[in-house]
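Single-structure report; data block below.
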Ligand SMILES: Cc1cc2nc3c(=O)[nH]c(=O)nc-3n(C[C@H](O)[C@H](O)[C@H](O)COP(=O)(O)O)c2cc1C
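Numbering (our numbering), first residue to last: -18 to 166.
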C-alpha cells in the first residue's frame, strides 16, 4: 500500500524542501524511498525527519514537478521539517532505520505526531488524473513517448469531464512541461 503525499524535509541549515513522494506502508510506520540523486534523499541523510503532507490539491503536485516550489509552510509540532499550510492533514516522521541501496535507499520512519486540519471532500477524477500525469511527467526520460501519449490521452478525458479551474491550471502546467521536454529530446 502506497500513499501519494507531499513530503517536507530540511537541510542542515534548516532550508525546507518539498517533493511529491510515495509513503510505503509497513507494520510500525512508513517507508520513504527516494531515488538517487535527490534533495529529499540528501536532506534525510543529514536531518533524519520528514513531514508527510496529505493533500488533494492538484496544483501542489503539478506545481512541484514543473518547478513551482513556493507553497506556504508553517511549523510542525514535533518534527523539524515544516508542514504545508494547505495540508488536509499531516504526519510528522522520524527516521528509525535506513536500508542502504545504490539507487533507492529505504528510510523506515515512525510517526511522532499526526494532525487533521480540513475535511476530505471526496474523490474527483480530474484530481486523480493530475496525480497520475504528474508521475508520468517525472518519468518522461524513462518511458517511450508512445506510452506517455497514450496514457495522457486517456487521462485527458477525466480533465475534460470533471475538472474545475484548479485542475485545469495544474493540467496546463503538466502539458507545458511535456511539450518543452519533447521539444528538447
Ligand atoms: C505522486 C508522485 C509520487 C512520487 N513518488 C516518488 C517516490 O516514492 N520516490 C522518488 O524518488 N520519487 C518519487 N516521485 C518523483 C519525485 O517527486 C521527484 O523525482 C522529485 O524531483 C524528487 O527529487 P527532489 O527531492 O530532488 O525534489 C514522485 C512524484 C509524484 C508526482
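For glycine and all other residues, C-beta sits at the position ideal for the given N, C-alpha and C.
Here the structure is a predicted model, which means the values were calculated and not measured.
According to the neighbour-count rule (16 or more other Cβ atoms, all chains shown, within 10 Å of its Cβ), is residue i buried or exposed?
i: residue 15; result: buried
i: residue 57; result: buried
i: residue 166; result: exposed
i: residue -4; result: exposed
i: residue 74; result: buried
i: residue 124; result: exposed
i: residue -17; result: exposed
i: residue 83; result: exposed
i: residue 104; result: exposed
i: residue 77; result: exposed
i: residue 55; result: exposed
Terminal residues of the continuous beta strand (DSSP E) containing residue i?
i: residue 78; result: 70 to 80
i: residue 178; result: It is not possible to answer for residue 178, since the shown part of the chain is limited to -18 through 166.
i: residue 7; result: -3 to 7
i: residue -16; result: -17 to -9
i: residue 13; result: 10 to 13
So, helix, strand or coil for residue i, using DSSP?
i: residue 91; result: strand
i: residue 167; result: Outside the modelled stretch of the chain, which goes from -18 to 166, sits residue 167, for which no answer is possible.
i: residue 97; result: strand
i: residue 64; result: strand
From which residue to which residue does the alpha helix (DSSP H) around residue i run?
i: residue 164; result: 146 to 165
i: residue 143; result: 126 to 143
i: residue 48; result: From DSSP, residue 48 is part of no alpha helix (DSSP H); its letter is neither H nor E.
i: residue 167; result: Missing from the structure shown is residue 167; the chain here goes from -18 to 166 and no further.
i: residue 119; result: Looking at the DSSP string, residue 119 is not in any alpha helix (DSSP H), and its letter there is neither H nor E.
i: residue 27; result: 20 to 27
Is the region 93 to 109 in contact with the region 68 to 80, if contact means three or more CB pairs nearer than 8 Å? yes
Taking 5 Å as the limit, tell me which residues put their C-beta closer than that to any heavy atom of ligand 3, in chain order. Among the ligands modelled here, namely ligand 1, ligand 3 does not occur.
Below 8 Å, can you find three or more Cβ-Cβ pairs linking the region 79 to 90 to the region 22 to 35? yes
Using 8 Å as the Cβ pair cut-off and three pairs as the minimum, do the region 3 to 10 and the region 44 to 52 touch? no
Closer than 8 Å is the cut-off here; do at least three beta carbon pairs connect the region -17 to -5 with the region 32 to 40? yes
Would you check if the region 99 to 114 and the region 130 to 143 touch, i.e. whether three or more CB-CB distances between them fall below 8 Å? yes
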